[in-house]
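*Asks:*
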Amino acid sequence: MRNIIAGLFLICLPVLGMAAGEGSMPLDHMEPDLSNKASLQRGAALFTNYCMGCHSMQYARYKRVANDTGIPEELYEDNLIFTDAKIGELMKNSMDKDQAEAWFGNPPPDLTLEARLRGTDWIYSYLRGFYKDDSRPMGVNNVVFENVGMPHVLVNMQGLCAVKPEIGHQSRIDPLSGNEVNDTACPEWAIEGTMDPGDFDAAMYDLTNFLAYMADPVKLQRERLGMFVLIFIAIFFVFAFLLNREYWKDVH
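Residue numbers (this note's numbering): 1 to 252.
1. Would you mind giving the Cβ-Cβ distance between Asn156 and Val148, rounded to the nearest angstrom? I have them listed as a contact below 8 Å.
2. Which one of Gly139, Val65 and Glu73 has the shortest CA to CA distance from Gln217?
3. Could you spell out the range, first to last residue, of the beta strand (DSSP E) harbouring Glu192?
4. Since Gly226 is in the alpha helix (DSSP H), which residue starts that stretch and which ends it?
5. In whole angstroms, what is the alpha-carbon distance linking Pro108 and Ser125?
6. Looking at the secondary structure, which residues open and close the alpha helix (DSSP H) in which Gly159 lies?
7. Would you mind giving the Cβ-Cβ distance between Asp33 and Asn244, rounded to the nearest angstrom? I have them listed as a contact below 8 Å.
8. Would you please state the rounded distance, in angstroms, between the beta carbons of Gly129 and Gln158? I believe it to be under 8 Å.
9. Throw me the rounded Cβ distance for the Met91 and Arg61 pair, which I believe falls under 8 Å.
10. If you scan the stretch 57-131 from start to end, which runs of the alpha helix (DSSP H) of 4 or more residues do you find wholly inside it?
11. So is Ala234 buried or exposed if we call it buried at 16+ other beta carbons inside 10 Å?
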């Protein structure tokens with residue numbers, strides 16, 4: 001018995017280590033809302049325009065995404081498919097893996113299940129965590145993913161922070177208005193972006209929300225079905241209890 005307990009402890013050690021590592025860095029929180037179709041549509045547009053040149057979604061199909069997000073298939077095909085792929089095909093890209101490895105050090109990962117692997121807080125913080133670092137090949141680094149090989153593809157929108165930004169900072173309450181204020185995590189900009197920090201954060205929420213949907217596209221249907229299952233179990237329990245009482249009343 002003692003050996004079994006020791007074995008289970010050794011098996012759990014890597015998991016505990018991962019949990020401790022993930023908790024060592026504060027992350028900005030975002031709560032996905034897969035019922036927000038407008039947010040998912042904006043996120044799909046951002047992913048297609050800024051991410052899909054390098055990253056694929058090889059476990060998803062264009063048609064499923066269009067239907068789930070409420071985008072008409074013809075509109076999706078005309079505006080969000082930039083290759084000769086058909087609406088029913090998998091969401092792959094044409095980047096050669098060998099070239100990608102030569103450019104970035106490693107080929108860009110497929111992002112279909114990234115939200116399950118990293119978590120939405122990590123992705124949301126990562127997308128907003130780039131800063132200037134001339135020692136890096138791409139001239140940028142990331143506060144969440146140190147020594148990242150990815151360029152800051154959203155620099156025209158966000159700009160580029162001149163110093164390492166603060167991630168996981170808390171919002172404050174304005175003492176005069178009583179409103180919640182989210183101060184920018186970057187105190188100094190090396191490059192000014194086209195969007196103010198609040199608008200960029202909202203855009204990154206949409207992109208992260210879309211990645212959360214891609215990682216679990218049936219979540220809403222599963223939760224809805226689960227409610228019916230629980231109702232059925234509750235009703236079944238009542239009848240089972242009454243039947244059990246009827247069977248045992250003569251015994252007692």
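Where a beta carbon is used, it is the ideal one built from N, C-alpha and C, also for glycine.
*Replies:* Looking at the atomic coordinates:
1. 18 Å between Cβ atoms; not a contact.
2. Sequence inspection shows Pro at residue 217; the Gln mentioned does not correspond to that position. For Pro217, the nearest C-alpha among the options comes from Val65.
3. Trp189 to Glu192
4. Lys219 to Trp248
5. Straight-line measurement puts the Cα of Ser125 at about 19 Å from the Cα of Pro108.
6. Premise fails: Gly159 lies in the beta strand (DSSP E), Gly159 to Cys161, not in any alpha helix (DSSP H).
7. Between Asn244 and Asp33 the Cβ distance is about 43 Å, and since that is not below 8 Å, they are no contact.
8. About 10 Å separates the two Cβ atoms, so there is no contact after all.
9. Right, their Cβ atoms sit about 7 Å apart.
10. 62-69, 73-79, 97-104, 114-118 and 120-127
11. exposed
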